[in-house]
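Okay, so here's the structure we're looking at.
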Amino acid sequence: MAQVHAEQLLELENVEIKSIADISETARNQFIVRNDLQRVEQFTDYQDMLEQVELDGVVICSPHTLHFEQATAVLEKGLHVLIEKPMTCSSKEARQLMETANRTGKMMQVSYQRHFQPEFIYIHDIIQSGKLGKVTSITASLYQQWWRGRQDKYVWRQDPKLSGGGFLMDSGSHIIDVLLWTTGLTPIEISTKLSQQGAPVEIDTFTSIRFKEGAIAGLNLVGYAPIWHETYVFCGEKGALFYDNDQIKVYLSNGGNDYPRTS
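For the sequence shown, the working numbering begins at 1 and goes up steadily by one.
Next comes the structure, spelled out in structure tokens:
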């Protein structure tokens, strides 16, 4: 993901990548060569980078359990920070990090790109407009080749001390984010069934949620799948919205249907 961020940053005229920190010299050198970075300082320890280089902001693409400590250090240094998901591995750390960002007055953002994708902006806006009426239920699913055939590729993901969890904590957090952001609902009761598929962390999960506002939701997050597939169904008192791999259909109780072009 650091490479993805680098490619996007380098498209911007007012952005310069001044420094990188990684414990692997090989990874640092590959990053520099791949992005043709002529003048960039390298560090093994990110703390040394924060002390020695004049920066405006930092992008954190490290294993999940390191996010809290690293983001806190960046904010305390008076810098803005973009954190790869998940933000932290506990609600306690998340609250503390938000308090630090508020106290320092620096921008902190989690890299949930769906907030900026036309199809999800459409979903958010139609729900918030009340066109579907009060939301009564949501189902969401994500299928991904997160574990199948990749057991030897992402070793750190299999170590709870680094990953903080499995597929639910990783890619699944995107789905949870979409559900909460688009609806604005407040979870009050959560129950999860999981399968580790022989891994040290959860791979396949099914989660049921009850919200304070009366709605219910079911999340099916499958990391042991042969393909990528993402779906949502938002049902309300006046209609329903169906999302299936970027395709959206809206059905209204009064007979009005909509097939929007969002991209």
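For every residue, glycine included, the Cβ atom is placed at its ideal position computed from N, Cα and C.
With respect to the alpha helix (DSSP H) encompassing residue i, which residues constitute its N-terminal and C-terminal limits?
i	result
residue 181	172 to 183
residue 252	Looking at the DSSP string, residue 252 is not in any alpha helix (DSSP H); the run it does join, the beta strand (DSSP E), is 247 to 252.
residue 163	160 to 163
Just to confirm, are residue i and residue j a CB contact at a threshold of 9 Å?
i	j	result
residue 134	residue 239	no
residue 45	residue 31	no
residue 224	residue 204	yes
residue 167	residue 187	no
residue 101	residue 88	no
residue 49	residue 19	yes
residue 215	residue 183	yes
residue 25	residue 38	no
residue 138	residue 206	no
residue 199	residue 158	yes
residue 65	residue 163	yes
residue 255	residue 127	no
residue 201	residue 160	yes
residue 208	residue 86	no
residue 93	residue 120	no
residue 280	residue 97	The chain is shown only over 1 to 263; residue 280 falls outside these bounds and no answer can be derived.
residue 277	residue 144	What the structure shows of the chain is the stretch from 1 to 263, and residue 277 is not part of that stretch, so it cannot be assessed.
residue 140	residue 194	no
Could you spell out the range, first to last residue, of the beta strand (DSSP E) harbouring residue i?
i	result
residue 240	239 to 244
residue 41	41 to 43
residue 234	224 to 236
residue 195	187 to 195
residue 208	204 to 211
Would you say the beta carbon of residue i is closer than 8 Å to some non-hydrogen atom of the ligand ADP?
i	result
residue 196	The model depicted lacks the ligand ADP and carries no ligand whatsoever.
Within the same chain, show all residues whose beta-carbon is closer than 7 Å to that of residue i, passing over the 5 residues directly before and after it, in chain order.
i	result
residue 84	1, 60, 61, 111
residue 253	238, 239
residue 75	81, 100, 101, 104, 106, 108
residue 15	9
Among residues of its own chain, excluding the 5 on either side of residue i, which ones have a beta-carbon nearer than 6 Å to its beta-carbon?
i	result
residue 5	59
residue 189	210
residue 77	50
residue 263	Model confidence at residue 263 stands at a pLDDT of 47, short of 50, so the residue's coordinates are unreliable; what they give is reported in the following sentence. The answer, listed in chain order, is 118.
residue 109	82
residue 213	185
residue 124	182
residue 192	205, 207
Using a beta-carbon distance below 9 Å, is residue i in contact with chain D?
i	result
residue 243	Going by chain labels, chain D is absent from the structure shown, which holds only one protein chain.
Leaving aside the five residues before and after residue i along the sequence, list all residues of the same chain whose C-beta is less than 8 Å from its C-beta, in chain order.
i	result
residue 47	73
residue 156	63, 162, 163
residue 17	6, 9, 10, 35, 37, 40
residue 196	166, 202, 203
residue 171	142, 144, 146, 221, 223
Report the start-end ranges of each beta strand (DSSP E) in the region 10 to 57 that is 3 residues or longer and not cut off at the edges. The qualifying runs are 19 to 21, 41 to 43.
Fully enclosed by the region 75 to 107, which beta strand (DSSP E) runs are 3 residues long or longer? 80 to 83
Across the region 112 to 131 and the region 171 to 185, are there enough close Cβ pairs to call them in contact, namely three or more that are closer than 8 Å? yes
Runs of beta strand (DSSP E) wholly within the region 102 to 144 (minimum 3 residues, chain order): Listed in chain order, the beta strand (DSSP E) elements of length 3 or more contained wholly in the region 102 to 144 are 108 to 110.
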